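Residue numbers (my numbering), protein chains in the order written: chain A, 1 to 137; chain B, 138 to 549; chain C, 550 to 871.
Report on one structure; see the data block that follows.
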Amino acid sequence: MSKPISEMGWDELVPGAALHTFDGTVETNLSNIQPEERKYSETSSKSMSVGDWRVIKPVWNSETCIDCQNCWVFCPDTSIIARNKEMRGVDYEHCKGCGLCVSVCPTNPKSLLMFNEYVTVEDALSQWPEKKKKGEL
Amino acid sequence: MNSRKMELNKVEVWDGNMANSQAFRQADVDVVAAYPITPSTATVENYAMFHANGYIDGEVIMTESEHAAMSGCIGAGAAGGRVATATSSQGLALMIETLYQASGMRIPVVLCLVNRALAAPLNVNGDHSDLYLTRDAGWVSIDAFSPQQAYDMTLMSFRISEHLDVRLPVISNQDGFMTSHTAQNVHPLDDDTASKFVGEYKQVNALLNFEKPVTHGVQTEQDWHFEHKAKQHAALMGAKKVVKEIFAEFKELTGREYKVVESYGMEDAEVAIVCLGSTYETAIVAIDEIKKEEGINVGVVAPRLFRPFPLEEVAAELQTVKAIACMDRSAPGGTVGTLYNEISGALINTPARPLVTNLIYGLGGRDMTVAGLKDIFRQLDKDAKAGKISGNIQKLVGVRGPELSFYNVQGL
Amino acid sequence: MSTLQNTQKEIKNLKSFSTAAERFEGSHLLCPGCAHSIIVREVLNATNDNLVVAASTGCLEVCTAIYPHTSWDCSWIHIGFENSSTAIAGAETMHKVLKRKGRMNSDEPDPKFVAFGGDGSTYDIGFQWISGCFERGHNMMYVCLDNEVYANTGGQRSSSTPIGSSTTTAPAGSHSYGEKRQKKDIVSIMAAHGSPYVAQVAPNKWKDMVKKIQRGFATEGPVFINAMSACTTEWKFAPNQTIEVSDLAVDSLVFPLYEIIDGKELNITYRPKNVVPVRDYLGAQPRFKHLFKPENEYLIDEWQKRIDARWEFLQKREEIKL
Chain A
1 MSKPISEMGW DELVPGAALH TFDGTVETNL SNIQPEERKY SETSSKSMSV
51 GDWRVIKPVW NSETCIDCQN CWVFCPDTSI IARNKEMRGV DYEHCKGCGL
101 CVSVCPTNPK SLLMFNEYVT VEDALSQWPE KKKKGEL
Chain B
138 MNSRKMELNK VEVWDGNMAN SQAFRQADVD VVAAYPITPS TATVENYAMF
188 HANGYIDGEV IMTESEHAAM SGCIGAGAAG GRVATATSSQ GLALMIETLY
238 QASGMRIPVV LCLVNRALAA PLNVNGDHSD LYLTRDAGWV SIDAFSPQQA
288 YDMTLMSFRI SEHLDVRLPV ISNQDGFMTS HTAQNVHPLD DDTASKFVGE
338 YKQVNALLNF EKPVTHGVQT EQDWHFEHKA KQHAALMGAK KVVKEIFAEF
388 KELTGREYKV VESYGMEDAE VAIVCLGSTY ETAIVAIDEI KKEEGINVGV
438 VAPRLFRPFP LEEVAAELQT VKAIACMDRS APGGTVGTLY NEISGALINT
488 PARPLVTNLI YGLGGRDMTV AGLKDIFRQL DKDAKAGKIS GNIQKLVGVR
538 GPELSFYNVQ GL
Chain C
550 MSTLQNTQKE IKNLKSFSTA AERFEGSHLL CPGCAHSIIV REVLNATNDN
600 LVVAASTGCL EVCTAIYPHT SWDCSWIHIG FENSSTAIAG AETMHKVLKR
650 KGRMNSDEPD PKFVAFGGDG STYDIGFQWI SGCFERGHNM MYVCLDNEVY
700 ANTGGQRSSS TPIGSSTTTA PAGSHSYGEK RQKKDIVSIM AAHGSPYVAQ
750 VAPNKWKDMV KKIQRGFATE GPVFINAMSA CTTEWKFAPN QTIEVSDLAV
800 DSLVFPLYEI IDGKELNITY RPKNVVPVRD YLGAQPRFKH LFKPENEYLI
850 DEWQKRIDAR WEFLQKREEI KL
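Rendered as structure tokens:
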């Protein structure tokens with residue numbers, strides 16, 4: 001794939017507008033290798049970013065997180081990364097800021113909270129709320 | 138090749154449908170997804186009978202509609218194997234969106250289209266309405282005029298469709314009833330030779346190739362659509378070269394020679410007709426008779442390769458005649474017929490300036506006889522001698538009632 | 550009848566489920582908070598086998614395969630609006646043939662064939678196609694992504710749209726309370742085809758859903774899964790409420806979770822600890838807000854009665870195992 005697709009003329013395109021997800025061939029069952037070990041081509045949507053859809057973003061607090069993986073299963077954008085049964089973080093390239101991860105986080109205080117896009121992760125963590133007491137709104 | 142072979146006679150007596158079915162069988166089609174409709178039903182029924190008697194290693198899916206039949210063919214073809222089906226008329230009309238999808242997705246499929254009139258009114262007989270409906274669908278389209286040719290064309294369709302420079306679906310046409318239900322002598326290839334000629338299916342971007350996951354059937358918007366349609370068009374136009382190569386190879390194998398544009402009597406013709414289907418064979422008889430009896434020199438031209446349209450070859454064939462009648466066997470839908478348009482379009486940029494008329498004939502299986510053709514030839518001869526069309530450009534011939542004709546541009 | 554190669558992966562709990570190597574990528578164009586992708590991820594992650602996936606024209610197809618990007622890490626095909634089911638049936642048949650003719654790698658277990666379609670495709674325009682596939686008994690799974698409207702084209706009604714819902718082609722107005730027809734019972738219809746396994750699932754109850762998907766994958770023949778897909782854009786709730794609304798749907802029994810085996814044995818697979826009034830479910834979605842006008846409130850009562858009656862019926866059927 002030497003030439004980016006955007007520069008190709010009709011004669012260089014794959015017939016039928018077919019798209020290949022990976023460069024080269026896949027040697028092993030994909031379920032056995034995590035995405036970071038796969039050779040995605042520029043035609044996989046993974047190579048794109050939709051981070052600019054956000055105006056607010058989720059910030060993850062690893063201190064309070066219990067690795068329940070609720071956020072992982074309910075993320076519509078494959079943007080909660082979990083490895084070896086542990087939460088690793090948010091994939092900000094693919095996160096659209098929907099806030100579902102926050103809504104399903106069971107800890108008190110939540111381990112995922114939405115902040116304005118311009119707030120840095122460090123600042124967000126320093127502003128983390130305290131544990132809510134019973135009856136507190 | 139299928140594991141159970143059929144011992145065929147050197148000369149078989151087959152109708153056009155059986156010719157299709159046998160070609161499918163010998164081509165070792167992997168999946169036939171089909172729906173029955175007159176007059177193509179027997180293509181599917183014969184094939185199902187072969188399957189029931191162990192002559193087919195592939196599968197037969199009897200779908201619940203023609204649209205589903207072609208959808209199944211596309212899914213199976215994209216999965217990575219040889220697929221084929223047959224239909225006519227209403228069934229073809231029902232699957233029309235899938236025809237565009239198959240060609241856009243560049244999936245090789247062979248469709249035996251047994252040409253039949255389109256409703257309404259409902260008619261099961263042969264005319265070219267359904268053939269014309271496929272015009273813009275992006276398929277290669279070839280026409281057979283007899284059961285022998287139906288067998289030959291259908292067999293060759295697989296080679297054309299799967300050729301790596303083409304990878305487009307192909308329609309193998311024949312006249313409904315006139316060819317599909319008329320039994321004639323057919324010289325088939327034996328199973329081994331036919332199988333060797335068609336060859337093995339080569340996968341391209343197959344869904345079942347898990348080493349290279351592929352996405353088929355994407356959406357393209359204003360930034361990409363034109364490039365993909367351009368590429369598809371280029372492939373279809375390039376298919377003419379492949380058709381000629383396959384025809385040449387077939388001639389070596391069988392001695393039967395086919396051309397992208399067939400013609401008869403054009404060496405000394407002063408007038409000509411252009412037509413498709415079995416009318417071509419009737420014309421040969423009429424041409425010989427009228428030459429002997431009345432000294433009129435007529436020729437007939439038929440674009441056997443209908444799509445991609447062999448514009449240059451057709452134009453070359455018609456440079457020396459003084460009058461041409463383009464005979465369209467389909468209700469014209471408010472304008473001149475398809476052949477009139479395509480022939481005139483082919484000639485307009487050449488020096489030839491013959492008189493060109495459009496005859497609408499044979500709708501719904503109305504017969505075009507030798508006598509009827511001779512009348513047409515005489516009129517052409519008269520027009521050519523007078524140097525002008527007598528009457529209007531388009532006439533409906535063979536219909537009871539007052540003369541129905543349209544379009545007059547004399548005096549412009 | 551031959552047995553399917555059972556290569557089921559074991560999913561003990563959510564932590565072990567989270568070790569799945571994803572085959573559905575982000576940066577698709579689905580709305581933030583869309584349940585479709587939650588469903589697709591749960592389905593694809595429920596198996597480690599090779600996948601051949603088809604989708605009908607609709608939100609999922611349009612948003613995951615716009616040239617030049619694809620979100621699918623597996624073989625995928627889209628033909629048209631009606632026919633993801635038939636596309637997959639064709640692929641499944643071709644696989645059968647190629648295997649028989651020795652043209653497939655015989656070491657690998659059979660791939661899973663999955664067709665996705667929205668309620669538009671499933672309940673309406675593609676209904677005949679699915680019926681044909683199920684009658685013919687292909688080895689495939691069909692997952693309906695049911696958001697109760699033609700969402701991709703802006704929210705027009707489908708035969709899955711429930712009574713009283715406001716859609717763009719059956720809107721609520723001064724002279725109408727919106728959709729006048731009842732939601733079609735697609736699960737019963739597919740069970741009546743003699744399908745070996747049909748089930749209704751919701752992505753918020755991931756364990757129930759994944760269990761059913763795995764059972765579907767292990768079942769030979771055509772399997773139908775109706776998956777509730779709460780649509781933030783068309784049901785008009787905030788993107789971060791998708792799981793909350795889905796919870797209300799299953800806890801109010803508006804979207805009961807059950808399975809039917811061989812068209813006969815019905816099992817209810819989720820019994821809410823606390824059943825929520827239907828009113829609360831309707832109240833969470835602005836597509837129903839006009840029902841809370843005094844002149845329309847009777848419709849909410851009718852809703853509750855209908856849901857209660859159906860729950861009764863489901864429980865009775867479960868009892869008698871017929």
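Don't be surprised by glycine CBs; every beta carbon is placed ideally from N, CA and C.
None of the values given here were measured: they were computed from a predicted structure.
- DSSP places ARG649/C in no beta strand (DSSP E) but in the uninterrupted alpha helix (DSSP H) bounded by 633-649.
- For the pair THR791/C and GLY575/C, the CB atoms are not nearer than the 8 Å cut-off.
- If you check each beta-carbon in the stretch 238-253 of chain B against every beta-carbon of chain A, the ones closer than 8 Å belong to GLY241, MET242, ARG243, ILE244.
- For the stretch 743-770 of chain C, the set of positions with a beta-carbon nearer than 7 Å to some beta-carbon of chain A reads TRP755 in chain order.
- Contacts with chain B (Cβ-Cβ distance below 9 Å) from the stretch 638-656 of chain C involve ALA638, GLY639, ALA640, GLU641, THR642, MET643, HIS644, LYS645, VAL646, LEU647, ARG649, LYS650, ARG652, MET653, ASN654, listed in chain order.
- Shortest Cα-Cα distance from ASN139/B to any of TRP151/B, GLU234/B, PHE187/B involves PHE187/B.
- Taking a beta-carbon distance threshold of 8 Å, ASN599/C counts as an interface residue toward chain A.
- At a cut-off of 8 Å between beta-carbon atoms, GLY135/A makes no contact with chain B.
- Between the C-alpha atoms of GLU793/C and SER586/C there is a straight-line separation of about 16 Å.
- Annotation: Cβ neighbours of ALA17/A in chain C (cutoff 9 Å, chain order): TYR616, PRO617.
- Contact fails between the stretch 365-376 of chain B and the stretch 38-45 of chain A, because fewer than three Cβ pairs, one in each stretch, are under 8 Å apart.
- Under the three-state reduction of DSSP output, VAL73/A falls in the helix class.
- With a beta-carbon spacing of about 15 Å, VAL197/B and VAL247/B fall beyond the 8 Å limit used to define contacts.
- A direct Cα-Cα distance of roughly 18 Å separates ARG141/B from ARG652/C.
- Residue TYR672/C holds the alpha-carbon nearest to the alpha-carbon of SER634/C among TYR672/C, CYS623/C, PRO805/C.
- Residue environment for ILE869/C: exposed (fewer than 16 other C-beta atoms within 10 angstroms of its C-beta).
- With a 10 Å radius around the Cβ and a threshold of 16 neighbouring Cβ atoms, GLN285/B comes out buried.
- The three-state secondary structure of PRO15/A, taken from DSSP, is helix.
- Nearest to THR782/C by C-alpha distance, out of TRP10/A, LEU125/A, CYS98/A, is CYS98/A.
- Cβ neighbours of GLN531/B within its own chain (closer than 8 Å, five residues either side excluded): PRO469, VAL473, GLY474, TYR477, THR494, ASN495, LEU496, ILE497, SER542, PHE543, TYR544.
- In the displayed model, ASP194/B falls within coil according to three-state DSSP, outside both helix and strand.
- PRO35, THR43, SER44, SER45, LYS46: these are the residues of the stretch 35-47 of chain A whose beta carbon lies less than 7 Å from some beta carbon of chain C, given in chain order.
- About 19 Å separates the beta carbons of PRO788/C and GLU591/C, which is beyond the 8 Å limit, so they are not a contact pair.
- Interface residue (Cβ-Cβ distance to chain A less than 8 Å): GLU574/C is classified as such.
- In the three-state reduction of the DSSP assignment, PRO284/B falls in the helix class.
- With its beta carbon at least 8 Å from every one in chain A, ARG296/B lies outside the interface.
- For ALA409/B, the enclosing beta strand (DSSP E) starts and ends at 408-411.
- Think of a sphere of 8 Å around the beta carbon of ASP67/A: the chain C residues whose beta carbon falls inside it are LYS564, in chain order.
- Using a CB distance below 9 Å, the part of the stretch 662-678 of chain C facing chain B consists of GLN677, TRP678, ordered along the chain.
- Between CYS623/C and LEU600/C, the C-beta gap is smaller than 8 Å, which places the two residues in contact.
- Taking a Cβ-Cβ threshold of 7 Å, the residues of chain C close to VAL351/B are SER624, in chain order.
- Secondary structure note for ASP123/A: its alpha helix (DSSP H) is the uninterrupted segment 121-126.
- When secondary structure is reduced to three states using DSSP, ALA230/B falls in the helix class.
- Among the bridge pairs identified by DSSP, SER725/C is matched with GLY722/C.
- Using a Cβ-Cβ cut-off of 8 Å, ILE198/B is close to ALA638, GLY639, THR642, ARG685 of chain C, given in chain order.
- Within chain A, not a single residue places a beta-carbon under 7 Å from that of CYS693/C; the smallest gap is close to 18 Å.
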